[in-house]
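Add 167 to the 1-based position in the sequence shown for my numbering, that's all there is to it.
Note that the Cβ used here is the ideal one computed from N, Cα and C, for glycine as well.
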Amino acid sequence: MNRTCFLLSLFLLAQSAMAQDKPAYQLFNKEGKTVKYKKLLAAASEADVIFFGELHNNPVAHWLQLELARGLLQEKGEALVLGAEMFEADNQMLIEEYFDSTITAKAFEEEARLWKNYKTDYKPLLELARENGLRFVATNIPRRYANLTYREGFEGLEKLPEAARQYIAPLPFPFDIELPGYKSMMEMMAGHGGEEANENFPKSQAAKDATMAHFISRNWAPGKTFIHFNGSYHSNDFEGIVWYLRQYEPEAGILTITTVEQAELSDLEEENRGKADFILVIDEDMTKTY
168 MNRTCFLLSL FLLAQSAMAQ DKPAYQLFNK EGKTVKYKKL LAAASEADVI FFGELHNNPV
228 AHWLQLELAR GLLQEKGEAL VLGAEMFEAD NQMLIEEYFD STITAKAFEE EARLWKNYKT
288 DYKPLLELAR ENGLRFVATN IPRRYANLTY REGFEGLEKL PEAARQYIAP LPFPFDIELP
348 GYKSMMEMMA GHGGEEANEN FPKSQAAKDA TMAHFISRNW APGKTFIHFN GSYHSNDFEG
408 IVWYLRQYEP EAGILTITTV EQAELSDLEE ENRGKADFIL VIDEDMTKTY
């Protein structure tokens, strides 16, 4: 057998083995090149702030979030800070009271407004922080104020008393309707049943993004590593929270991860290239947590 035939046979054998292995996920860089997990961990270890954009009901994304957080804990120790969209800023005191044993886990779970997949997907992250003496930050705007923004725009937030404003980004915060992510929201709204496009829809999203960036900024300092967990749409294409954090912390080194689903894992589809520094591609047939 000549060398060409031998190499071709090896290639076909490898392809066959890959098909039989049924991998659940594959990591890519933003150019579409496959990368190993250790490269992701190394890059995250060098960043100041990491955004892990998830699909909320995807178990592989939640597993890798926990693995990455554990890996960063080994690398960074007490310099690691965790935070998440899934916890609203006015629940920060509850998190701290739970961490210092002022309240029980049962009381925390009864009083905090937790997502329905908290126990399977977010509790492990919170417990990792609690058990290792790390800070965990509730970054999101309280949903009642996001709803207020949807109804009344930023003017609604201006009416809030000072006691309420401590849970949102300082007003006024910048807003660019021309950012592709916000612009697509307007187009999506206009395309659904002829409903009139309303700027308050992307404004309510911006209120979330700005508030999350604000609380990341408040809890990060040089020498710290902050890993933030959020829906991928909040950080895709380096917009959303990332755009706002760059207003607040222009010198911070930011790394983004997004999660997508594809029928095939061998190549990154064109539409998913460039969405983040690293793209976690998961088999679209993967089971969902809810």
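DSSP three-state assignment for residue i, whether helix, strand or coil
| i | result |
| --- | --- |
| Asp444 | coil |
| Arg280 | coil |
| Leu422 | strand |
| Gly361 | At Gly361 the pLDDT is 48, less than 50, meaning the model places this residue with poor confidence and gives no usable figure here. |
| Met253 | strand |
| Phe342 | coil |
| Ile408 | helix |
| Thr456 | coil |
| Ile449 | strand |
| Gln333 | coil |
| Glu325 | helix |
| Glu438 | helix |
| Glu428 | strand |
| Glu416 | coil |
Check whether residue i and residue j have beta carbons under 7 Å apart
| i | j | result |
| --- | --- | --- |
| Met379 | Ile408 | yes |
| Val304 | Lys391 | no |
| Gly250 | Thr287 | no |
| Ala336 | His401 | no |
| Gly441 | Lys197 | yes |
| Ile446 | Phe219 | no |
| Tyr415 | Asn224 | no |
| Ile308 | Ala374 | yes |
| Asp215 | Ala419 | yes |
| Met355 | Pro369 | no |
| Leu233 | Pro291 | yes |
| Arg297 | Phe254 | no |
| Ala430 | Glu451 | yes |
Same chain, Cβ closer than 6 Å to residue i, neighbours up to 5 away in sequence not counted
| i | result |
| --- | --- |
| Ala443 | Thr423, Ile424 and Thr425 |
| Leu315 | Gly323 |
| Gly320 | Asn367 and Lys370 |
| Asn439 | Val427 and Ile446 |
| Tyr349 | Pro369 |
| Lys205 | none |
Buried or exposed (CB count within 10 angstroms, at least 16 for buried), residue i
| i | result |
| --- | --- |
| Tyr411 | buried |
| Met260 | exposed |
| Asp376 | buried |
| Arg170 | Here Arg170 scores only 48 on pLDDT, less than 50, and its place in the model should not be relied on; the value that follows carries that caveat. It is exposed - the Cβ of Arg170 has fewer than 16 other Cβ atoms within 10 Å. |
| Ala236 | buried |
| Asp257 | buried |
| Glu252 | buried |
| Leu338 | exposed |
| Ile344 | exposed |
| Ala279 | buried |
Cutoff 7 Å; reference residue i; Cβ partners in own chain excluding five residues on either side
| i | result |
| --- | --- |
| Ser399 | Gly220, Glu221, Leu222, Thr425 and Thr426 |
| Leu239 | Ala211, Ser212, Leu247, Thr392 and Ile394 |
| Leu435 | Phe195, Gly199, Ile446 and Val448 |
| Ala313 | Ser371, Ala374 and Lys375 |
| Gly361 | In this prediction, Gly361 has a pLDDT of 48, which is less than 50 and means its spatial position is unreliable; nothing more can be read from the coordinates. |
| Val227 | Ala191, Tyr192, Ile449 and Met453 |
| Gly300 | Glu245 |
| Glu242 | Ser212 |
| Asp404 | Pro347, Gly348 and Lys442 |
| Ser384 | Leu412, Tyr415 and Glu416 |
Beta-carbon proximity list for residue i, same chain, < 8 Å, skipping 5 on both sides
| i | result |
| --- | --- |
| Val202 | Leu194, Phe195, Asn196 and Phe445 |
| Ala331 | Tyr312 |
| Tyr285 | Met253 and Glu276 |
| Trp387 | Asp215, Val216, Val248, Phe393, Glu416 and Ala419 |
| Leu264 | Checking the displayed sequence, the identity of residue 264 turns out to be Glu instead of Leu. Counting only Cβ-Cβ distances below 8 Å, and skipping sequence neighbours, we find Ile270 and Phe275. |
Q. Which runs of the beta strand (DSSP E) fall wholly inside the region 189-250 and span at least 3 residues, in chain order?
A. Fully enclosed beta strand (DSSP E) runs of 3 or longer: 192-196 and 216-221.
**Q.** Length-filtered (3 minimum) beta strand (DSSP E) runs lying within the region 260-306
**A.** none
Q: Output the residue ranges of the beta strand (DSSP E) runs that lie fully inside the region 345-402 and measure 3 residues or longer, sorted by chain position.
A: 392-398
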